[in-house]
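> Quick one: the structure is below, and I'll ask about it shortly.
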Amino acid sequence: MAYIPTPGDLSECGYSSQGQQGVDALVHVREWLERVATHSHCAYAVVAGNHDVGNFVGCPYPVSAEGVERWRGVYGSGVVTHKNEGREKGQAGATDSGADTDAAHTDTPAPSPLGGWVYDIPPRGHASDTESDTVCGQVAWRLIGLNSMVYGHPEMGQSQQQWLDGVLATTPADTPLVLFQHTPFSLDRPGDTDPSVAVPYSALYWTGAAGDRCRALTSLTRHRVRLVATGHTHQGRTSSIPCVSTDASTPCLPCVWCPPMCGLGVESDSLPGWDSDTTGYLRHTLSLSPPTVANANGPNEAQDTVRTDTVWVQPISRTLTFNPKQET
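Numbering (full-length UniProt numbering), first residue to last: 1 to 328.
As structure tokens, then:
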């Protein structure tokens with residue numbers, strides 16, 4: 001089954017201060033994604049970026065409840081397929097276009113009002129829109145999308161963390177997870193994932209404050225997360241930042257940064273640098289092999305793997321040097 005997740009910044013000016021111009025930009029991209037999904041017979045999912053709903057708290061043009069509501073008004077739950085119709089805007093799997101998710105599991109958690117979502121992929125051979133699969137509730141992979149731009153917001157950050165904890169509480173321990181959000185958990189800097197270390201202003205634009213970000217990371221490291229896929233940095237990196245965690249004793253989460261598709265590369269003193277100065281996209285292949293025959297120690301677990309391939313498209317046309325400075 002093909003599935004198109006986008007790691008945010010679908011628009012250049014979707015945040016609330018841009019008014020109707022921002023809404024029109026978000027709608028334009030949604031209509032394009034719907035055409036792609038219909039033509040390709042696949043699902044797509046979106047998470048909000050800073051250009052869509054606003055920057056982190058503490059930066060110019062910060063995220064606001066109004067900006068998030070505008071995003072939800074255009075993209076609904078954030079998960080859409082090409083074939084199903086009929087739910088009202090704002091319900092699980094719906095947008096104001098009438099498109100609907102094809103995830104049919106009754107135990108799939110409802111989307112977050114802040115733009116978070118869950119998409120369950122059934123085992124191969126199970127049709128996701130059949131009654132038997134709904135009853136069985138079998139899930140091969142669980143995909144989770146978060147609105148990372150609310151990290152650090154006094155109300156929305158806490159609300160999203162509560163939603164995430166609820167999602168993880170309903171996730172079976174043996175279910176592999178893939179997380180999509182706009183911003184990376186770490187820039188591979190000392191103290192990046194230590195909540196007691198203050199984030200310098202030069203890095204705040206890229207990761208947000210440590211509190212909510214590290215709380216989400218701590219919750220995720222307790223589960224079977226196989227990949228964290230992000231955007232935001234305009235740099236493609238699949239090897240130099242292999243994993244992140246909040247503690248040396250907790251499992252690391254493998255991370256990838258999606259390269260830009262807009263043709264604009266970014267250099268910054270806070271960023272480690274890209275793998276290639278080329279536009280492109282990432283192709284993730286999720287595999288789940290059935291358990292092997294039980295041995296004397298009991299049944300073996302199913303083997304889950306994620307393979308990520310970078311598809312380079314064309315050289316970056318322009319490079320921007322961006323080092324955020326705190327206004328005085």
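Backbone N, C-alpha and C define an ideal beta-carbon position, used for all residues, glycine too. Every value quoted in this text rests on a predicted model; they were computed, and no experiment measured them.
Would Cys-258 be called buried (16 or more neighbouring beta carbons within 10 Å of its own) or exposed?
Classification of Cys-258: buried, given that the 10 Å Cβ count is 16 or more.
> Give the DSSP-derived three-state secondary structure of Tyr-151 in the structure shown.
In this structure, Tyr-151 counts as coil in the three-state DSSP scheme.
> What beta strand (DSSP E) runs, 3 residues minimum, are completely inside the region 141 to 197?
As far as the region 141 to 197 is concerned, its whole beta strand (DSSP E) runs of at least 3 residues are 141 to 145 and 177 to 180.
> From the DSSP output, in three-state form, read off Ala-216 for me.
If DSSP states are grouped into helix, strand and coil, Ala-216 belongs with the helices.
> Compute the Euclidean distance between the alpha carbons of Tyr-3 and Leu-33, then round it to the nearest angstrom.
Approximately 12 Å between the Cα atoms of the pair.
> Give the straight-line distance between the Cα atoms of Thr-175 and Ser-202, rounded to the nearest whole angstrom.
Going by the C-alpha atoms only, they are around 37 Å apart.
> Taking 8 Å as the threshold (C-beta atoms), are Leu-282 and Thr-229 in contact?
Before going on, a small fix: residue 229 reads as Ala here, not Thr. Yes, they are a contact pair.
> May I ask which residues mark the beginning and end of the alpha helix (DSSP H) holding Gly-73?
Unbroken alpha helix (DSSP H) run through Gly-73: 65 to 75.
> Counting pairs of Cβ atoms below 8 Å between the region 155 to 172 and the region 110 to 118, do you hit three or more?
With the cut-off at 8 Å, the region 155 to 172 and the region 110 to 118 touch.
> Using the Cβ count rule (16 or more neighbours within 10 Å means buried), how would you classify Ser-317?
Label assigned to Ser-317: exposed.
> Could you give the DSSP three-state label for His-234: helix, strand or coil?
Here His-234 sits in coil by DSSP.
> With DSSP as the reference, please indicate the residues paired to Pro-254 in a beta bridge.
Looking at the DSSP assignment, Pro-254 forms a beta bridge with Cys-243.
> Bridge partners for Val-228 per DSSP, in chain order?
DSSP lists Leu-179 and Cys-255 as partners of Val-228.
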